[in-house]
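Below you'll find the structure, written out as structure tokens, and then a few comments.
Number of protein chains: 2
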Amino acid sequence: MTGVAAGLVEDLAGVVGPDQVLTGEPAVEDYGHDEALAVHAAIPAAVVWPRSAAEVAGVLRVATDRSVPVTARGSGTGLSGAAVPVPGGLVVSFERMAAILEIDVDNHVAVVQPGVTLTQLDEATAGYGLVYPVYPGELSGSLGGNVATNAGGMRAVRYGVTRNQVLGLEAVLPTGEVIRTGGKLAKTSTGYDLTQLIIGSEGTLALVTEATLRLYPRAAHQATVLAPFGSVDEVAAAVPKVVASGVGPLILEYLDAFTMAAITHAQQLDLGVPAEVRENAQAYLLVMLESNHDDRLSADTERLGELLTDLGATEVYVLPGPSARRLVEAREKTFWTAKAAGAHDIVDVVVPRASIPEFLRAARAIAERHGSHVLGCGHAGDGNVHLAVFQADDTVRAALLRELFDAGMTLGGMISGEHGIGRCKREHFLALTDPVTIALMRRIKRAFDPAGILNPGVLLDQ
Amino acid sequence: MTGVAAGLVEDLAGVVGPDQVLTGEPAVEDYGHDEALAVHAAIPAAVVWPRSAAEVAGVLRVATDRSVPVTARGSGTGLSGAAVPVPGGLVVSFERMAAILEIDVDNHVAVVQPGVTLTQLDEATAGYGLVYPVYPGELSGSLGGNVATNAGGMRAVRYGVTRNQVLGLEAVLPTGEVIRTGGKLAKTSTGYDLTQLIIGSEGTLALVTEATLRLYPRAAHQATVLAPFGSVDEVAAAVPKVVASGVGPLILEYLDAFTMAAITHAQQLDLGVPAEVRENAQAYLLVMLESNHDDRLSADTERLGELLTDLGATEVYVLPGPSARRLVEAREKTFWTAKAAGAHDIVDVVVPRASIPEFLRAARAIAERHGSHVLGCGHAGDGNVHLAVFQADDTVRAALLRELFDAGMTLGGMISGEHGIGRCKREHFLALTDPVTIALMRRIKRAFDPAGILNPGVLLDQ
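Top line first, the protein sequences correspond to chains A and B. Note that numbering that gives the first Met the number 0 has the first sequence beginning at 0, numbered continuously upward. Note that numbering that gives the first Met the number 0 has the second sequence beginning at 0, numbered continuously upward.
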């Protein structure tokens with residue numbers, strides 16, 4: 000350990016106590032990466048586990064005094080390298096700030112510390128007949144991490160993303176000043192919306208120490224429909240019609256045939272789709288409906304089935320509960336299936352939902368030109384396309400990704416719908432975004448973090 | 000006209016043409032105020048009507064060069080003085096940028112210029128079976144103004160406020176640089192959310208020249224229920240139960256007995272509520288439901304009626320269509336009724352919805368202490384309480400308002416739910432808000448507007 004690191008650890012121990020600071024390999028090694036496939040791990044000088052906003056403030060004052068870069072970490076399940084520290088920097092882990100502070104039934108609100116996981120919150124709200132609806136693939140993800148990336152997931156088509164659920168925050172600025180934004184309030188028009196500015200900022204503006212989240216009545220019944228189609232274009236064309244029909248889907252996902260085969264095989268899942276139907280299916284639409292009324296759900300499911308048939312589905316399967324649950328779980332695990340299949344990167348471009356077919360055609364052409372494969376699935380109702388990229392050569396893959404992002408942006412889309420930019424996509428983001436916008440974002444960054452200690456190299460340059 | 004103003008007008012005419020610039024009283028007098036009751040009008044040096052983002056950019060370059068303060072103006076229906084210019088400043092009116100650029104049916108999106116009114120957009124979307132759901136009292140309000148104040152209204156309990164509908168913006172910085180944020184995208188995690196930062200910033204960060212708005216399927220059927228209660232507390236206590244019931248109200252308003260009497264009298268509206276019921280009613284709950292299915296609507300309306308009876312409603316009236324429409328219209332016009340009744344100010348504090356009874360008790364006590372009256376109604380589902388303040392003395396009224404805002408904030412609320420801070424409430428906002436937060440907002444303001452030419456004196460100090 001260098002002298003600087005030793006002094007740092009001593010200062011941090013003075014704030015949080017010696018048991019809450021860790022230094023030295025291999026102990027800190029696990030804190031050097033997240034789940035991003037294409038970013039190199041880094042060894043931090045130390046990991047610290049604060050237990051309160053006051054301790055986070057103390058930690059940030061130490062880091063500011065010593066000009067040590069700080070990376071916040073929830074569960075480390077991010078896919079863009081935003082939780083990968085600067086080598087020799089400090090990781091602030093929120094694993095020991097994982098309390099659900101309040102479930103407020105009258106206001107339909109939960110107040111949580113950032114280390115609370117989605118699973119933990121789901122279990123806590125279920126007893127009250129309430130639900131926190133954000134449902135990204137990884138339910139071990141923390142709410143702090145969800146706020147940092149503006150996590151989305153399968154239910155966003157009905158309930159929106161993290162941004163739409165966070166009503167207020169407590170956050171610590173790099174100076175150690177603590178701010179509170181918003182509250183148990185569905186609306187406010189009282190100054191700049193700092194809540195929304197911090198959401199999705201990937202740990203570069205402030206460290207979130209508490210979040211006030213919107214809850215909803217938990218619907219009693221769900222129905223799941225799986226529809227194979229002869230082409231991805233037909234699937235994509237069906238999406239706006241399903242949304243416009245008014246059935247209000249909870250989930251509206253597409254999966255290409257390869258991805259469906261891979262995840263059902265990985266999970267040893269037999270959906271009862273005959274071999275001849277599978278052979279002719281190029282893509283699948285997965286639709287889930289929910290309701291408090293069993294009879295309304297049945298009527299809507301029937302109506303949805305007729306609509307999908309009219310839109311060209313070769314078959315319409317209403318999946319029994321257990322199969323439906325296992326398919327949704329398998330869909331959640333797409334990332335792991337793609338990783339196991341040897342994917343070199345995962346991207347999640349977002350485009351206007353009606354532009355999905357055009358984007359997928361462009362993606363196939365780009366991949367072909369680079370002798371690569373891109374395969375995937377996506378949140379069809381949101382226009383959020385998740386693609387596994389198979390191309391081992393870093394240079395070729397970088398060129399392919401640049402073209403892929405550019406194609407999405409040309410269609411009015413953006414680089415990421417829910418994974419964030421992180422370290423992995425920073426260069427692409429800086430190269431493809433209007434310089435006036437980047438300059439403005441840099442000025443906003445300075446307004447929060449003039450010394451640039453918060454997650455340097457994530458989103459913007461160091 | 001001073002020499003400076005003459006030169007200004009000449010420069011502006013060079014950008015937009017001489018027909019699009021106006022100077023000199025009484026011509027510009029109408030542009031010196033909005034609908035705020037408690038702010039003094041001001042005479043601008045000139046009013047300019049740009050017709051494109053490029054012209055807005057040119058106008059802002061002129062203003063920056065000449066250090067002339069700039070106030071953007073939509074329909075001038077704001078209630079906080081955010082459209083009141085600095086004396087001798089420049090008003091940029093968006094009346095001639097009032098085109099609906101696109102209704103995109105597949106993506107459920109409208110792209111509009113800032114001068115488009117809510118009425119205009121409602122008429123344009125109706126033909127497609129779509130709806131833009133934000134429904135503040137004043138439907139002649141412009142979308143640009145709605146974005147500037149984060150307008151809310153009666154339907155926010157179901158659909159959210161302006162912030163939840165705006166997917167992207169085109170905006171001009173004071174330098175004349177044009178940025179585009181977001182897009183036809185329900186989600187994105189690609190850099191700081193500039194869209195959300197500009198929404199609700201009351202013309203102090205950038206001038207919005209285009210907005211991309213989310214549309215929804217327009218429901219076919221509506222039902223309206225009016226329930227008198229013996230006390231405001233009972234009404235407020237009923238609100239969380241109605242939300243939790245899952246009927247998904249489109250509108251959930253409370254009106255105190257005085258306000259109900261005033262608006263029905265002003266609109267000469269007979270709701271068929273017998274005199275003895277009216278005499279015993281201290282407050283009313285107004286609930287509107289919507290559905291595409293007539294049978295489901297009937298079942299939900301019946302269920303709602305039973306619930307309200309259980310919760311202490313003295314009667315439950317299902318209003319016939321015409322009466323319902325007229326009552327909602329009368330509710331929209333509450334501001335005008337209060338103004339006609341001689342109210343000296345209107346405020347719209349927002350608190351956690353379960354805290355409405357406590358806030359109303361505090362408000363009554365504060366008013367009594369100051370020998371004043373506060374009466375009103377509000378968006379009960381959102382905790383947004385609209386109060387007409389009757390107190391002619393400016394000093395007494397300022398003290399009363401300070402206490403009222405403080406009481407709301409003590410309950411976890413904020414000064415304004417949807418009207419904004421503007422000029423009227425700036426001093427209260429600066430005095431009652433944590434100085435760390437104010438300092439951060441000032442730094443954000445400087446990141447957009449280093450010369451401070453955009454709406455100085457609104458929200459923050461000049």
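No residue lacks a Cβ here, since even glycine has one placed at the ideal position from N, Cα and C. Keep in mind that this is a model prediction, so the values were computed, not measured.
Below-7 Å beta-carbon distance, residue i vs any chain B residue
{"i": "Pro216 (chain A)", "result": "yes"}
{"i": "Met96 (chain A)", "result": "no"}
{"i": "Pro239 (chain A)", "result": "yes"}
{"i": "Ala53 (chain A)", "result": "no"}
{"i": "Asn291 (chain A)", "result": "yes"}
Listed by chain order, chain B residues near residue i by CB distance under 8 Å
{"i": "Glu176 (chain A)", "result": "Val435"}
{"i": "Arg330 (chain A)", "result": "The premise fails here: Arg330 (chain A) is roughly 18 Å from chain B at the closest Cβ pair, so nothing lies under 8 Å."}
Exposure of residue i, with buried meaning 16 or more beta-carbon neighbours within 10 Å
{"i": "His107 (chain B)", "result": "buried"}
{"i": "Pro173 (chain A)", "result": "buried"}
{"i": "Leu100 (chain B)", "result": "exposed"}
{"i": "His264 (chain A)", "result": "exposed"}
{"i": "Ser290 (chain B)", "result": "buried"}
{"i": "Val234 (chain A)", "result": "buried"}
{"i": "Ser230 (chain B)", "result": "exposed"}
{"i": "Asn145 (chain A)", "result": "buried"}
{"i": "Asn454 (chain B)", "result": "buried"}
{"i": "Ala280 (chain A)", "result": "buried"}
{"i": "Asp293 (chain B)", "result": "exposed"}
{"i": "Asp433 (chain A)", "result": "exposed"}
{"i": "Ala240 (chain A)", "result": "It is worth fixing the name first, because residue 240 (chain A) is Lys in this sequence and not Ala. So Lys240 (chain A) counts as exposed."}
{"i": "Gly195 (chain B)", "result": "The residue you asked about is not Gly; residue 195 (chain B) is Gln in the sequence shown. Buried is the call here."}
{"i": "Asp309 (chain B)", "result": "exposed"}
{"i": "Asp33 (chain B)", "result": "buried"}
Neighbour flag for residue i against chain A, beta carbons, 7 Å
{"i": "Val464 (chain B)", "result": "Because residue 464 (chain B) is not part of the residues shown, which for chain B are 0 to 461, the question remains open."}
{"i": "Ile443 (chain B)", "result": "yes"}
{"i": "Pro49 (chain B)", "result": "no"}
{"i": "Pro455 (chain B)", "result": "no"}
{"i": "Ala446 (chain B)", "result": "yes"}
{"i": "Ala155 (chain B)", "result": "yes"}
{"i": "Gln221 (chain B)", "result": "no"}
{"i": "Leu196 (chain B)", "result": "yes"}
{"i": "Gly463 (chain B)", "result": "Because chain B is modelled from 0 through 461, residue 463 (chain B) falls outside the range shown and cannot be assessed."}
{"i": "Gly144 (chain B)", "result": "no"}
{"i": "Gly77 (chain B)", "result": "no"}
{"i": "Gly151 (chain B)", "result": "yes"}
Partner residues on chain A for residue i, Cβ-Cβ distance less than 9 Å
{"i": "Ser200 (chain B)", "result": "Gly190, Tyr191 and Asp192"}
{"i": "Val83 (chain B)", "result": "The contacting residues do not exist; Val83 (chain B) stays about 17 Å from chain A at best."}
Cβ-based neighbour list, residue i, same chain, cut-off 6 Å, excluding 5 preceding and 5 following
{"i": "Leu204 (chain A)", "result": "Ile197 and Phe447"}
{"i": "Val111 (chain B)", "result": "Ile99, Leu142 and Ala210"}
{"i": "Tyr158 (chain B)", "result": "Pro132"}
Beta-carbon neighbours of residue i, restricted to chain B and to distances below 7 Å
{"i": "Arg484 (chain A)", "result": "Here chain A covers residues 0 to 461 and nothing more, so residue 484 (chain A) does not appear."}
{"i": "Ala243 (chain A)", "result": "Pro216"}
{"i": "Phe358 (chain A)", "result": "Here the premise fails: no neighbours, minimum Cβ distance about 12 Å."}
{"i": "Met440 (chain A)", "result": "Gly190 and Tyr191"}
{"i": "Leu458 (chain A)", "result": "Gly190"}
Beta carbon proximity, residue i to chain C, threshold 7 Å
{"i": "Gln164 (chain A)", "result": "As a matter of chain content, chain C is missing from the structure shown, whose protein chains are A and B."}
Closer than 9 Å at the beta carbon, the chain B residues around residue i
{"i": "Gly382 (chain A)", "result": "Asn106, Lys183, Leu184, Ala185 and Lys186"}
{"i": "Phe334 (chain A)", "result": "Near Phe334 (chain A) there are no residues of chain B at all, since even the closest Cβ is about 16 Å away, more than 9 Å."}
{"i": "Thr432 (chain A)", "result": "Thr189 and Gly190"}
Chain-ordered chain A contacts of residue i [CB-CB under 8 Å]
{"i": "Thr148 (chain B)", "result": "Ser188"}
{"i": "Gly140 (chain B)", "result": "Within chain A, no residue comes near Gly140 (chain B); the closest Cβ sits about 14 Å away, beyond 8 Å."}
{"i": "Phe428 (chain B)", "result": "Thr189 and Gly190"}
Cβ-heavy atom distance, residue i to the ligand COA, below 6 Å
{"i": "Glu357 (chain A)", "result": "Here there are no bound small molecules, and the ligand COA is not part of this structure."}
8 Å Cβ shell around residue i - same chain, five flanking residues per side excluded
{"i": "Met489 (chain B)", "result": "The question about residue 489 (chain B) has no answer here: the residues shown for chain B are numbered 0 through 461."}
{"i": "Arg162 (chain A)", "result": "Asn149, Gln195, Ile198 and Gly199"}
* **Residues in the segment 403 to 421 of chain A having any Cβ partner in chain B nearer than 7 Å** => Gly411, Gly412, Met413, Ile414, Ser415, Gly416, Glu417, His418, Gly419 and Ile420
* Using Cβ-Cβ distances below 9 Å, what residues of the segment 337 to 361 of chain A are close to chain B? -> Asp347, Val349, Val350, Pro351, Arg352, Ala353 and Ser354
Proximal residues, the segment 279 to 307 of chain A versus chain B, C-beta separation under 7 Å: Asn291 and Arg295
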